[in-house]
Amino acid sequence: MLDFFRNHQRLMMALLLLIVLPGLGFVGIQGFRGFFDDSANVAAVNGHKITRVEFDGAFRQQIDQARQALGGQFDIKMFDTPDHRKQVLDGLIQQRVLADETQRLHLTASDNAVREALMSDPMIASLKKPDGSIDVERYAQLLSFQGMTPEQYQERVRYSLSLQQIPASIVSSAFTPKSLAQHLSELAAQQREVQALVLKTSDFASKVQPTDAQLAAYYDAHKQSFATPETATIQYLVYSPAAAAASAQPTDADVKKFYDDNPTHFRTEAQVRVSHIFFAAASSASAADKAAAKTKAEQVLADVKAHLDQFAQIAQKSSQDAPSAAKGGDLGFITRGSTAGGKAFDDAAFALKQGDVSGVVQSDLGFHILKATEVKPAAVKPFADVKDQIAAELKQQYASKAFSDNAEGFTSTVYEKAKTLQPAADKYKLTIQTATVTPTPNPQLPPTSPLNNPKFLVAVFANDAVKNQNNTQAIDIGNNTLISARVTEYKPAAVPALDTIKDAVRQKVVAEQAAEFAKKDGVAKLAELQKSKSADGFTPAQKVSRTQSQGLTPAALSAVYKVDAKTLPAYVGVDLGADGYAIYRVNAVIPGSAVDPQQLAAAQQQMAQVDAQSEGEAYLTALRDRSKVKLYGTTTSQSQDGDN
1 MLDFFRNHQR LMMALLLLIV LPGLGFVGIQ GFRGFFDDSA NVAAVNGHKI TRVEFDGAFR
61 QQIDQARQAL GGQFDIKMFD TPDHRKQVLD GLIQQRVLAD ETQRLHLTAS DNAVREALMS
121 DPMIASLKKP DGSIDVERYA QLLSFQGMTP EQYQERVRYS LSLQQIPASI VSSAFTPKSL
181 AQHLSELAAQ QREVQALVLK TSDFASKVQP TDAQLAAYYD AHKQSFATPE TATIQYLVYS
241 PAAAAASAQP TDADVKKFYD DNPTHFRTEA QVRVSHIFFA AASSASAADK AAAKTKAEQV
301 LADVKAHLDQ FAQIAQKSSQ DAPSAAKGGD LGFITRGSTA GGKAFDDAAF ALKQGDVSGV
361 VQSDLGFHIL KATEVKPAAV KPFADVKDQI AAELKQQYAS KAFSDNAEGF TSTVYEKAKT
421 LQPAADKYKL TIQTATVTPT PNPQLPPTSP LNNPKFLVAV FANDAVKNQN NTQAIDIGNN
481 TLISARVTEY KPAAVPALDT IKDAVRQKVV AEQAAEFAKK DGVAKLAELQ KSKSADGFTP
541 AQKVSRTQSQ GLTPAALSAV YKVDAKTLPA YVGVDLGADG YAIYRVNAVI PGSAVDPQQL
601 AAAQQQMAQV DAQSEGEAYL TALRDRSKVK LYGTTTSQSQ DGDN
C-alpha cells in the first residue's frame with residue numbers, strides 16, 4: 001500500500017486538496033504553543049476547533065511552496081488574497097472532516113505499515129547502525145528534542161497513514177475506457193493553421209489626450225490604487241538552534257566521551273572481495289535441474305582445486321553469471337546483506353581467509369564456488385579521524401536542546417520586558433537587527449526570511465506594537481525559529497497628492513483608454529473580415545496545437561479551438577486587455593496522427609487520475625455537507641458565521 005501512495009503522490013495531494021497532514025519529519029516547535037495566542041479559532045468541525053495557529057501555519061506553508069515553485073516569478077499579491085485564504089481554510093476543514101470519517105469507519109494503519117513508513121524516513125534511516133538496526137538511544141534522544149517520545153511519534157505516523165486510506169481507495173477505483181482516451185488523445189493532437197492580426201495598445205496612445213479635469217476625476221475614482229502601503233521600521237530578534245549554537249560548544253571531554261560510549265557508530269563493516277563461479281538453479285527449479293546444476297558445480301570445483309591459480313580463467317569459461325564471468329568472476333567488495341545471494345552466500349564468503357576457495361555453496365539463485373581475493377576486517381575508525389564529525393554533531397544536538405530549554409524563557413523575556421529587546425538579546429547572546437516592513441511579504445527577500453512570515457507581519461502591525469511600541473509576542477515561524485520585534489517608527493498608508501503623481505495618473509489613463517480604442521477598432525475590423533475573408537495584414541500562417549501554442553495566450557488558443565471547422569477560413573477576436581486586441585484567422589484543421597500505444601496507455605492513466613480527483617472532491621464535499629461546520633470569519637476580509 002505504501003508503494004501505491006508513493007506512485008500516486010501528486011494525485012493523493014490533489015485529493016487531499018490543501019490538507020496539511022501532521023509531518024513525518026522532525027520539524028516545528030513542539031511543546032511551546034501554549035505560550036502563543038492560539039485561543040482565536042477560525043472554524044469548528046463537528047465541535048473540533050481549528051485554531052488561528054493552525055491556519056497561519058497552513059497558509060505559510062502554501063506561500064512557501066508557491067515561492068519555491070515560481071522562484072523569481074513569485075508575486076505575493078497573487079496568493080495573499082481573501083480567496084486564497086479561504087482555500088487554505090477549506091483545506092483544513094476537509095482535513096478535519098476526513099479525520100472524523102476515518103475515525104467513524106474505524107480505519108487505522110497496521111504496525112507493519114507504520115514500521116515501513118518510519119524506515120523510509122531519511123532522518124530515521126540516518127540512525128542505522130552498521131548491522132542495519134536503528135540506534136534506539138539516538139532515536140529517542142532526537143525525538144526528545146522535539147518534545148516527543150518514540151510512541152507519540154509513531155502514533156503521529158499512524159494517524160497520517162490512516163487519513164490516506166480513503167483517498168487511496170478512490171484513486172485505485174478510477175477507470176477511463178480506452179475508446180474515450182483514444183478520442184480525447186486524437187483531439188489533443190489536432191493542429192490548426194492560424195494567422196494573427198494584433199492591434200497594439202501603444203498604436204492608439206497618441207489618440208488619448210486627457211485633460212487635467214479627466215486626470216483629477218480618474219485620480220479621485222482610483223485613489224487606493226495610488227496609495228503607498230503602511231510601513232513599520234522595526235528592531236527584531238531571531239532565536240533558533242543556530243542562534244543558540246554560540247553557547248552550545250561541546251568540550252573535548254564531551255567529544256571523547258561520545259566516542260568511547262558509542263563505538264558502533266564509528267565501526268566499519270567487515271568486507272571481503274569475492275570472485276565466484278555460478279551455476280543457475282533458482283529455488284523454483286525442479287529437483288532434477290537443481291541436481292544437474294550441483295553436479296556441474298562439483299565437477300568444476302574439482303578442476304579449481306587442481307588449478308587454484310587459474311580460478312579467473314575457469315570462471316570466464318564456466319560461470320553462468322555473464323557480467324562477473326567477463327571479469328574472472330570478480331564481484332568486488334561486499335558486505336553482509338549487500339548481494340542477492342542471501343545468508344548462505346554471506347556466511348560462506350565471510351568464513352573465507354584471503355586466497356581461500358569455498359566448497360559448493362547453495363543460495364536461492366543457484367550454486368556458487370567462491371574465492372576470497374582480499375579481506376578487510378571490521379574496525380573502529382580512529383578518534384582523530386572522527387573528532388570533528390562528533391563535535392559538529394554534538395554541537396547541533398546541544399544547540400537544539402539549548403533552544404528547547406530556553407524557548408520558554410525567550411518568550412517570557414520579550415513579553416515581560418515589553419519596551420525593549422535588549423534584555424533578551426543580552427541573555428541569549430543575540431544581535432538586534434533592524435528592517436522596514438509592510439503588512440505583506442516582500443518578494444525581494446529570500447523565501448525563508450523571517451520577515452516574510454505572515455503571522456509575524458500581523459503581529460508587527462497590531463495596535464499593541466504600533467501604538468504602544470511594545471515588543472510583539474515571540475512568534476513561532478516554523479523550523480524551530482522564534483522571532484520578536486519592536487516598532488520604532490510607523491507610517492500609515494497614504495495617498496500622495498495628485499500634483500506629485502500626475503505623470504503616473506496620466507500613464508494609467510492613457511493606457512486604459514488606448515486599450516479601449518484598440519478593442520473598439522478590433523471589433524469593427526473583425527466584423528469586416530468575417531464578410532471579406534481577407535488575409536491582408538495578417539502574420540504568416542503557423543500551426544498551433546493544444547501543447548504547442550506558438551505564443552498564443554491560453555484565451556487565444558481556446559478561442560481558436562472553438563472555431564467551427566466546417567466554415568473555414570474563420571475569424572475570431574480576443575481581448576488582450578492592456579496589450580490590445582487580436583484577431584485570428586483559422587485557415588485549416590489538421591487531424592492528429594495515430595496515438596502511440598504507450599502514449600495512449602499513459603493518457604488513459606492520466607484521465608483516470610483526473611476522474612479520481614473529481615470523484616475525490618465530490619466525496620469530500622459530500623462529507624463536508626453532512627458535517628457541522630462553523631466559520632468564525634477571521635481569515636478573510638469578509639466575516640462569516642453560520643452552520644452548514
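Residue numbers 1 to 644, in the UniProt record's numbering, belong to the letters of the sequence shown in order. The C-beta atom is built at its ideal place from N, Cα and C for all residues, glycine as well. Computed from a prediction, not measured in an experiment: that's the story for all the values here.
- The continuous alpha helix (DSSP H) containing Ile-93 extends over residues 82-104.
- With contact defined as three or more Cβ pairs closer than 8 Å, the stretch 523-532 and the stretch 494-504 are not in contact.
- For Phe-204, there is no enclosing beta strand (DSSP E), as DSSP marks it with neither H nor E.
- CA-CA distance, Lys-207 to Pro-591, rounds to 44 Å.
- The C-alpha of Ile-63 lies about 47 Å from the C-alpha of Val-380.
- Looking at the backbone, the Cα of Leu-331 and that of Gly-355 are separated by about 15 Å.
- Across the set Pro-150, His-84 and Ala-515, the C-alpha of Pro-150 shows the shortest separation from the C-alpha of Ala-140.
- The C-beta distance from Tyr-428 to Tyr-239 rounds to 6 Å, short enough to fall under 8 Å.
- Here Pro-241 is buried: its Cβ has 16 or more other Cβ atoms, across all protein chains shown, within 10 Å.
- Collapsing the DSSP output to three states places Asp-260 in a helix.
- With contacts defined as CB atoms closer than 9 Å, Leu-421 and Ala-485 qualify as a contacting pair.
- Residue burial annotation: Lys-455 is buried, with at least 16 other C-beta atoms found within 10 angstroms of its C-beta.
- About 6 Å separates the Cβ atoms of Thr-231 and Thr-436, confirming a contact at the 8 Å cut-off.
- For Val-629, the enclosing beta strand (DSSP E) stretches over residues 629-631.
- The Cβ atoms of Glu-298 and Val-360 lie closer than 9 Å to each other.
- Membership of Gln-362 in any alpha helix (DSSP H) is not indicated; the residue belongs instead to the beta strand (DSSP E) covering 357-362.
- Its Cα nearest to that of Thr-201, the residue Phe-517 stands out among Ala-570, Phe-517 and Val-574.
- The stretch 319-335 makes no contact with the stretch 241-250, as fewer than three CB pairs between them are under 8 Å.
- DSSP places Glu-374 inside the beta strand (DSSP E), whose first and last residues are 366-376.
- With a contact defined as Cβ atoms closer than 8 Å, Val-42 and Phe-59 miss out at about 10 Å.
- For Pro-439, the closest alpha carbon among the candidates Phe-204, Leu-457, Gly-478 and Ala-281 is that of Leu-457.
- Burial check for Thr-411: the Cβ neighbour count within 10 Å reaches 16 or more, so the residue is buried.
- Take Gly-522, set aside five residues on each side of it, and the residues of its chain with a beta-carbon closer than 7 Å to its own are Leu-199, Gly-573, Tyr-581 and Ile-583, in chain order.
- Here Pro-177 is exposed, its C-beta having fewer than 16 other C-beta atoms within 10 Å.
- By the CB criterion at 9 Å, Phe-367 and Asn-480 fall outside the cutoff.
- If you ignore the 5 residues before and after Ala-565, its C-beta comes within less than 6 Å of the C-beta of Val-589, all in its own chain and listed in chain order.
- Taking the C-beta atoms as reference points, Gln-542 is found nearer than 9 Å to Val-194.
- Counting the other CB atoms within 10 Å of its CB gives Arg-192 a total of 16 or more, which places it among the buried residues.
- Contact between Val-304 and Ile-369 holds: CB atoms are separated by about 6 Å, below the 8 Å threshold.
- With a contact defined as Cβ atoms closer than 8 Å, Asn-453 and Ile-475 qualify at about 7 Å.
- Following the DSSP letters along the chain, one finds Ser-275 inside the beta strand (DSSP E) bounded by residues 271-280.
- At a Cβ-Cβ threshold of 9 Å, Phe-258 and Ile-390 count as neighbours.
- The continuous alpha helix (DSSP H) containing Ala-288 extends over residues 287-306.
- Rounded to the nearest whole angstrom, the CA to CA distance from Glu-374 to Pro-450 is 55 Å.
- Bounds of the alpha helix (DSSP H) holding Gln-530 are 502-532.
- Cβ-Cβ distances below 6 Å link Leu-623 to Val-97 and Glu-101 in the same chain, with the five nearest sequence neighbours on each side left out; the list follows chain order.
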